[in-house]
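Trainee: First residue of the sequence shown? That's 137 in my numbering, and the numbers climb one at a time after it. Ideal Cβ positions, reconstructed from N, Cα and C, are used throughout, including at glycine. The structure under discussion is supplied below as C-alpha cells; questions concerning it will follow.
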Amino acid sequence: MRYDFAPLEGLTDSIYRRLHHKYFPGVDRYFTPFFSPTVHRALTPREARELPPADSMVFCVVPQLLTKVPEDFLWMAGVCKDLGYEEVNLNIGCPSGTVTAKGKGAGMLRDLDSLDSFLYTVFSSAPLPISVKTRIGFESAAEFSNILQIYNRYPIKELIIHPRVRKDFYNGPVDMKNFQYALQESRAPVCYNGSLRARSEITVFSAAFPAVKSMMLGRGLIADPGLLTPGGTTADKLEKFHSELLDEYTRGFGGTRNAMFRLKENWHYWLCKFEGAEKLGKRLRKATDVGEYKTVTQEIIHNLPMREEIIPDWD
Ligand SMILES: Cc1cc2nc3c(=O)[nH]c(=O)nc-3n(C[C@H](O)[C@H](O)[C@H](O)COP(=O)(O)O)c2cc1C
C-alpha cells in the first residue's frame, strides 16, 4: 500500500510537511495544498517558498494546481518540472463557494464539455504526468458515470477519488458504491481518499478493496500524526513536533501570536487524540496569550492520556 498525505490548505504547508516527515516518517508522498496559477507567469514569494526544488527535500512532494485555464495549468506544470517535480495534481474537488462559483475545483464538474476541453488541451502538451483528485459529482452521484467517461479519455496517471459530492463538503457518509464503480470502470489507477482515520479503518478498507494500492489520508493523519509511523504518536514526539512547529511558524509568520493561531488549527484535530480534553480544549481555544497557550498545551500533552485511536469530532 502506498500512503499519501492529503493536501490541506491552512495545515500542510512546507514547514508542516518537513517537520511531519522528520518526527513521523511513514508517509510515501505529500500533496501540497492547491496553487492557483494566474496570467502573471511568475510565482509569488510565498509560492516560491512553498514550492522548493524537489531535490532539496528528502521526501516526495506532489504539487497540486487549481485552475480552469489550460494555459495557466500548463505554465505552472512547466515550473514544477523545472523545479524537479515528477507529477502534478489537478484539483477537481474543492467545494468552497468562491472557488466553484468561478467554475474551478468541484465547479469543473458542473460543465462537463468545458472539463473535457480543458483536459484535452492540458493532456495534449503536458510537461509532466498528471493525476486528478476528484469528487463523484457536483449535485449528485448520478453524475459520476458521465464524469468518469470523460476521465477515461485521457492518460491520467492516477485518479484520486473522494467519494462525496460537492454539497457534502467533507462530511457525511462516503459513497463506497460509486467508489467500487470507479474501481471497475476507471482506466487510470485509483487511489481512495475520505474519512480513514485509524489503523483499524485502514485494515477494514484494505480487506474490502484488495485491488486498491494507494490511499490518501487527511484529517485522520493531522489528528494522529504518527498513524503511519512505527510506535505511533507518543507524547514525547508530539511535544517535539509541536515545539518545532511553533518555532518555525514564529519565524515564518513574524511572531508567536500568529504562530499560535496557526497551530490552533492543528489542535482542533490533535484534541481528538486525548481522553478527557474538553476542559483544557476550551481553555486552549480561548487562549489569546502565548504564555497561557504554552501552559495549556503542556498540560494536555503531559497530563491527558492518549487514545490508541482518535475519536473524530468531524463527519
Ligand atoms: C481544512 C481543509 C483544507 C483542505 N484543502 C485542500 C486542498 O488544498 N486541496 C485538496 O484537494 N483538498 C483539500 N482538502 C480536502 C482533503 O484533501 C481531503 O480530500 C478531505 O479532507 C477528505 O479526506 P480525509 O477524510 O482523509 O480528511 C481540504 C480539507 C480540509 C478539511
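(1) With distance defined between alpha-carbon atoms, name the residue in Gly239, Leu399, Gln434, Gly146 nearest to Phe170.
(2) Give the range of the alpha helix (DSSP H) segment to which Leu201 is assigned.
(3) Which of the three DSSP states, helix, strand or coil, is assigned to Glu230?
(4) Report, in whole angstroms, the separation of the C-beta atoms of Met137 and Ser331, which I expect to be a contact under 8 Å.
(5) Select from Ala190, Phe195, Gly241 the residue whose C-alpha is nearest the C-alpha of Pro161.
(6) Can you tell which of Asp383, Val198, Ile286, Ala324 has the C-alpha that lies nearest to the C-alpha of Ile151?
(7) Tell me whether Phe305 is buried or exposed, calling it buried when 16 or more other Cβ atoms sit within 10 Å of its Cβ.
(8) Are there 16 or more other CB atoms within 10 angstroms of the CB of Asn225, so buried, or fewer, so exposed?
(9) Could you tell me if Ala178 is buried or exposed, where buried requires 16 or more neighbouring beta carbons within 10 angstroms of its beta carbon?
(10) Going by C-alpha distance, which of Phe345, Thr339, Val258, Gln434 is nearest Lys313?
(11) Measuring CB to CB, does Met351 end up less than 7 Å from Ala142?
(12) Among Glu222, Tyr221, Met244, Glu223, which has the Cα closest to the Cα of Ser232?
(13) Taking 7 Å as the cut-off, decide whether the C-beta atoms of Pro366 and His156 are in contact.
(14) Where DSSP assigns a beta bridge to Tyr166, which residues make up the other side?
(15) Measure the C-alpha to C-alpha separation of Trp406 and Ala359 and round it to an integer number of angstroms.
(16) My assumption, with CB atoms under 8 Å, is that Leu202 sits in contact with Gly241. Please give the rounded CB distance.
(17) Given 6 Å as the limit, tell me if Leu144 has its C-beta closer than that to any heavy atom belonging to ligand 1.
(18) May I have the straight-line CA-CA distance separating Lys400 from Thr433, to the nearest angstrom?
(19) Ends of the alpha helix (DSSP H) at Val258?
(20) Which residue wins for smallest C-alpha separation from Ala371, given the options Lys430, Ala423, His438, Gly356?
(21) Pick out whichever of Glu428, Thr148, Phe315, Pro291 has its Cα sitting closest to the Cα of Glu223.
(22) Confirm the yes/no value for this check: CB of Arg421, any heavy atom of ligand 1, distance under 6 Å.
(23) Please report the straight-line C-alpha distance between Arg453 and Gln285, rounded to a whole angstrom.
(24) Quickly, what does DSSP pair Val326 with across the bridge? List them, please.
(25) Give me the Cα-Cα distance between Trp211 and Val205, rounded to the nearest whole angstrom.
(26) Regarding Asn439 and ligand 1, is the C-beta to nearest heavy atom distance less than 6 Å?
(27) Let me know if Thr270 comes out buried or exposed under the rule of 16 or more other beta-carbons within 10 Å of its beta-carbon.
(28) In three-state terms, what does DSSP make of Val348?
(29) Shortest alpha-carbon distance to Ile436 belongs to which of Asp191, Cys408, Ala277?
Mentor: In this structure, then:
(1) Gly146
(2) No alpha helix (DSSP H) holds Leu201; the beta strand (DSSP E) holding it covers 196-201.
(3) The sequence given here places Cys at residue 230; Glu does not occur at that position. It is coil, neither helix nor strand.
(4) With 8 Å as the limit, Met137 and Ser331 do not qualify as a contact, their Cβ atoms being about 17 Å apart.
(5) Phe195
(6) Asp383
(7) exposed
(8) buried
(9) exposed
(10) Phe345
(11) no
(12) Met244
(13) no
(14) Phe141, Val197
(15) 4 Å
(16) 6 Å
(17) yes
(18) 10 Å
(19) 248-260
(20) His438
(21) Pro291
(22) no
(23) With the chain covering 137 to 451 only, the question about residue 453 has no answer from this structure.
(24) Leu295
(25) 10 Å
(26) no
(27) buried
(28) coil
(29) Cys408
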